[in-house]
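Notes to accompany the following structure.
Numbering (the UniProt record's numbering), first residue to last: 1 to 292.
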């Protein structure tokens with residue numbers, strides 16, 4: 001193999017078929033083939049027109065590293081949506097409302113649990129997603145948290161110094177009171193890792209329940225103002241290259257879609273969905289036009 005070859009998982013991740021870790025799982029399970037032969041971990045390929053790659057028997061399209069544009073979306077995840085591509089029970093997922101792609105796939109950068117809303121980043125670049133999710137990068141995440149329970153200085157001190165959870169010691173990098181009275185108060189907290197339900201578990205460890213949780217920032221990318229729940233907007237070139245620089249990837253020189261065009265389209269879709277929901281509700285209240 002010549003020096004133009006790349007690791008198979010890197011080629012597939014870049015094409016949007018999952019993070020490197022997800023691709024490695026597919027290869028280990030024997031679900032990926034190269035030119036008719038089952039692939040193994042460590043295989044390298046050169047991306048040429050003659051290359052035949054298949055996942056689960058279906059031929060897939062990949063391009064050289066210089067032939068793809070890295071696209072990044074900011075999505076306002078509502079409560080109730082799952083961070084998975086499909087759900088056996090038919091529940092809504094974060095991928096349902098994203099724009100359709102040809103020859104690429106959206107990859108979620110991390111997850112938010114079903115009861116958490118706020119900023120979720122998607123990209124078509126599997127290498128970017130893989131690096132952003134790696135714990136060594138320590139990308140800062142900020143959350144607005146409404147808590148229910150008695151909060152005193154001792155508990156706040158414990159949350160910033162460290163709390164022992166079942167998967168190790170954890171602490172908020174910063175913790176700031178932002179409003180509320182009595183036993184319902186809002187705080188803004190930051191973390192530099194993405195452990196499962198970590199914000200909720202930290203507060204629960206000091207006897208306080210989280211009643212609302214919103215991710216408001218990822219690195220220096222804020223939840224866009226005016227973006228409706230379930231809406232998305234494509235990041236501009238400067239924001240995309242900020243994320244790439246965070247993980248030592250070369251900058252992009254072109255972007256794909258104008259941000260304002262995306263945002264207007266998102267709002268129009270939200271209005272149409274609201275009208276549709278209203279029509280269905282009205283039909284139920286009136287018996288759907290049926291006669292008894």
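Backbone N, C-alpha and C define an ideal beta-carbon position, used for all residues, glycine too. Since the model is a prediction, treat every value here as computed from it, not as a measurement.
In this structure, residue 110 places its C-beta atom within 8 angstroms of the C-beta atom of residue 133. The alpha-carbon of residue 136 is positioned some 35 angstroms away from that of residue 89.
Assignment of residue 74 by DSSP, reduced to helix, strand and coil, places it in the strand class. Bridge pairing for residue 8: absent [DSSP]. When only Cα atoms are considered, residue 219 and residue 36 end up about 42 angstroms apart. Judged by beta-carbon spacing, residue 243 lies beyond the 8 angstroms limit of residue 159, meaning their Cβ atoms are not closer than that value. DSSP places residue 240 outside any beta strand (DSSP E); the residue lies instead in the alpha helix (DSSP H), whose first and last residues are 237 to 246. For residue 73 against residue 233, the beta-carbon gap comes to about 7 angstroms, under 8 angstroms, which counts as contact.
Along the length of the segment 83 to 160, whole beta strand (DSSP E) runs at least 3 residues long occupy 117 to 123, 141 to 148, reported in chain order. Looking at 55, 29, 30, 50, the one whose alpha-carbon comes closest to that of residue 12 is 55. Counting only the Cα atoms, residue 216 lies some 14 angstroms from residue 194. Looking at 204, 139, 15, 184, the one whose alpha-carbon comes closest to that of residue 166 is 204.
Looking at the DSSP output, residue 37 sits in a beta bridge with 34. Here residue 206 carries a coil assignment [DSSP, helix/strand/coil]. Listed as beta-bridge partners of residue 196 by DSSP are no residues whatsoever. Collapsing the DSSP output to three states places residue 211 in a strand.
By the neighbour-count definition (other C-beta atoms within 10 Å, threshold 16), residue 138 is an exposed residue. Straight through space, the alpha carbons of residue 15 and residue 126 are spaced by roughly 7 angstroms. For residue 21, there is no enclosing beta strand (DSSP E); the residue is found in the alpha helix (DSSP H) stretching over 20 to 28. Note: residue 249 is not bridge-paired with any residue in the DSSP secondary-structure output. For the pair of segments examined, the segment 184 to 198 was found to touch the segment 138 to 158: the number of CB pairs separated by less than 8 angstroms reaches three. Cβ-Cβ distances below 8 angstroms link residue 184 to 146, 147, 148, 211 in the same chain, with the five nearest sequence neighbours on each side left out; the list follows chain order.
Residue 104 and residue 68 have their C-alpha atoms roughly 9 angstroms apart.
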